[in-house]
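Down below is the structure, laid out as structure tokens.
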Amino acid sequence: MEVHVSNQQTPNTGTNLDPWYSNYADRAAGLSVSEVRALFAVASRPEVVSLAGGMPAVSALPQDLVVTAMNRVMRDEGSIALQYGSGQGVPRLREHILEVMAMEGIRGSVDDVVVTTGSQQALDLVTKLFINPGDVILAEAPSYVGAIGVFRSYQADIVHVLMDDDGLIPDALREAIAREKSAGKSIKFLYTIPNFHNPAGVTLTASRRDEVMQICRSEGILVIEDNPYGLIYFDGPPPAPMRSTEDEGVIYLGSFSKTFAPGFRVGWAIAPHAIREKLVLAAESAILCPSAFSQLVISEYLETADWRAQINTFRGVYEERKNTMLQALNEYLPDLHHTNPDGGFYIWLTLPDYLDTKQMLPRAVKELVAYTPGTAFYADGGGRNKMRLSFCYPTPDQIRLGIRRLTTVINGEIDLLETFNATGPLQTIRSSRSFSAPPPDLD
Ligand SMILES: Cc1ncc(COP(=O)(O)O)c(C=O)c1O
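The sequence shown runs contiguously to residue 653 in the numbering used here.
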């Protein structure tokens, strides 16, 4: 059921115009320009409605709260804020992180927490610690584009495991483990985003969490539980994290990027004791220490502002945007399957399988709408007819306009293909599908 991927990487580290072309290490071949990054440049033009990026709605965070926290830090602790600090992170912030974690049912001691420069850095450090070239990392199909980039840069063999609307499928996980083990491969960890998945928008059910944990425990596979969106829920909290029931087999990754602001670049890892010590050493060798200034400002904010109420505000903003996107999709593209996230930032849209969302993207940008093509989220070129739609950043009006434009693009693409396949199977598929014609674009 799962898709096996052998990483066939083409060296793309430079060109013959680069005098150092032949000097790069093999691992640099894994560093390629992500489709998301290339998109950011195009989609940042103001006339384009970007449903592509995953930027939090920082405008919903009152800036005076941040300014007040920054002023206080500089007034009272300036000499600490401007100095190098501990490689593991400021103890005061680590205590606050435990408070945040308690909201999700995770208990631990201040010693268990390692502060990182965003959870992205934690991903990098964990991969650096565990992966030799050719080692297997199990990851959902699809998976977070930034994690795929890190895994590739350490020359991991990324093996995707199928998901459905309830998250990772335990049977597919069992099959993947059995197959990789019988091929003599070394499986180093399972990377999973159980809540409001990026990009799929689905949440792993409670019973599947138990099952996945039990499989990994019995197979001796470490779990990397990446949970930046867990507190951004709409109806109610998601099931308890796997880390809340398992201390030794899970590294939990958290972040202030979605509940506060990504600009401070503060995330964290909660890891079993021995791994934690190595994580700190790896962090020290990478950056010496995370930014003391950022950590103290966040501590100050958490101590003096009503951060729980602010998270509620974020939830309200994102829920309204999700509902708007869902409504527009149901109205304009009623026959297409899309996920219905209970939180987070993303909806995953499936188009008819003869459409290629990457090929379609230039036409979409011409129609002034951008999305992220599905292939960005697979290590094996999968996801051709899928796309990720982000509802986190555009306003509800922009979202409606964006989905209207997207509908025009999809219909235009189908027309185009039919023109060149007049007697082919597309007509049959098309005639059984009725894409609603959107009203004319009034803007
Ligand atoms: C699933 C996932 N993990 C990790 C990150 C990295 O977040 P940060 O480094 O800002 O904490 C992101 C960012 O979008 C994400 O979606």
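Just so you know, even glycine gets a beta-carbon here, dropped at the ideal spot from N, CA and C.
- In this structure Y581 is not in contact with L335, their Cβ atoms being roughly 31 Å apart against a cut-off of 8 Å.
- In the three-state reduction of the DSSP assignment, V369 falls in the strand class, which pools E and B.
- Judged by beta-carbon spacing, R475 lies within the 7 Å limit of T327, meaning their Cβ atoms are closer than that value.
- Of P409, P404, S428, the smallest CA-CA separation from S417 is found for P404.
- From the listed residues I368, D367, V412, the smallest Cα separation to I379 is found for V412.
- In this structure, S467 has its CB closer than 6 Å to one or more heavy atoms of ligand 1.
- Note on geometry: alpha-carbon atoms of L339 and D607 lie some 45 Å from one another.
- In the three-state reduction of the DSSP assignment, R475 falls in the coil class, being assigned neither a helical nor a strand state.
- With a threshold of 16 other beta carbon atoms within 10 Å, N550 falls short and is exposed.
- The beta carbons of S600 and Y542 sit no closer together than 7 Å.
- Around the beta carbon of W230, fewer than 16 other beta carbons sit within 10 angstroms, so the residue counts as exposed.
- Our two residues, N233 and A239, have alpha carbons roughly 11 Å apart in a direct line.
- DSSP, read as helix, strand or coil, puts M280 in helix.
- Using a 10 angstroms sphere on the CB of S509, the tally of other CB atoms reaches 16 or more, which defines it as buried.
- When C-alpha distances from I434 are compared across I461, I425, P447, the shortest belongs to I461.
- Closest in alpha carbon position to N281, among L506, Y294, S495, is L506.
- The nearest non-hydrogen atom of ligand 1 is 6 Å or more from the C-beta of Q505.
- With at least 16 other beta carbons inside 10 angstroms of its own, H306 counts as buried.
- Distance from the CA of D286 to the CA of F503, rounded to the nearest whole angstrom, comes to 12 Å.
- Along the region 301-369, the beta strand (DSSP E) occurs as fully enclosed runs of 3 or more residues at 323-326, 346-351, listed in sequence order.
- Burial state of T618 is buried, judged by a 10 Å Cβ sphere holding 16 or more other Cβ atoms.
- With respect to the C-alpha of G554, the residue from A393, P448, D566 having the closest C-alpha is P448.
- Within its own chain, the residues whose Cβ lies closer than 8 Å to the Cβ of I341, once the five positions on either side in sequence are excluded, are I347, F361, Y364, Q365, A366, K398, listed in chain order.
- Looking at the DSSP output, I485 shares a beta bridge with no other residue.
- With fewer than 16 other Cβ atoms inside 10 Å of its own Cβ, Y294 counts as exposed.
- Ranked by Cα distance from P343, the options N522, K395, G591, A357 are led by K395.
- Distance from the CA atom of R531 to the CA atom of A484, rounded to whole angstroms, is 42 Å.
- Note that the C-beta distance between V268 and A471 is below 7 Å.
- Per DSSP, the unbroken alpha helix (DSSP H) holding V527 starts and ends at 517-542.
- Spanning the alpha carbons of G473 and D381 requires a straight line of approximately 39 Å.
- Per the coordinates, the alpha-carbon of I358 lies some 11 Å from the alpha-carbon of H370.
- Excluding residues up to 5 positions away in sequence, F601, P606, I609, R610 lie with their Cβ nearer than 8 Å to the Cβ of T534 in the same chain.
- Spanning the alpha carbons of A515 and R453 requires a straight line of approximately 28 Å.
- Taking the Cβ of G328 as the reference point, at least one heavy atom of ligand 1 falls within a distance shorter than 6 Å.
- Around the C-beta of E623, 16 or more other C-beta atoms lie within 10 Å, and the residue is accordingly described as buried.
- If you compare the alpha carbons of A312, S329, I613, Y511 with that of Q537, the shortest gap goes to I613.
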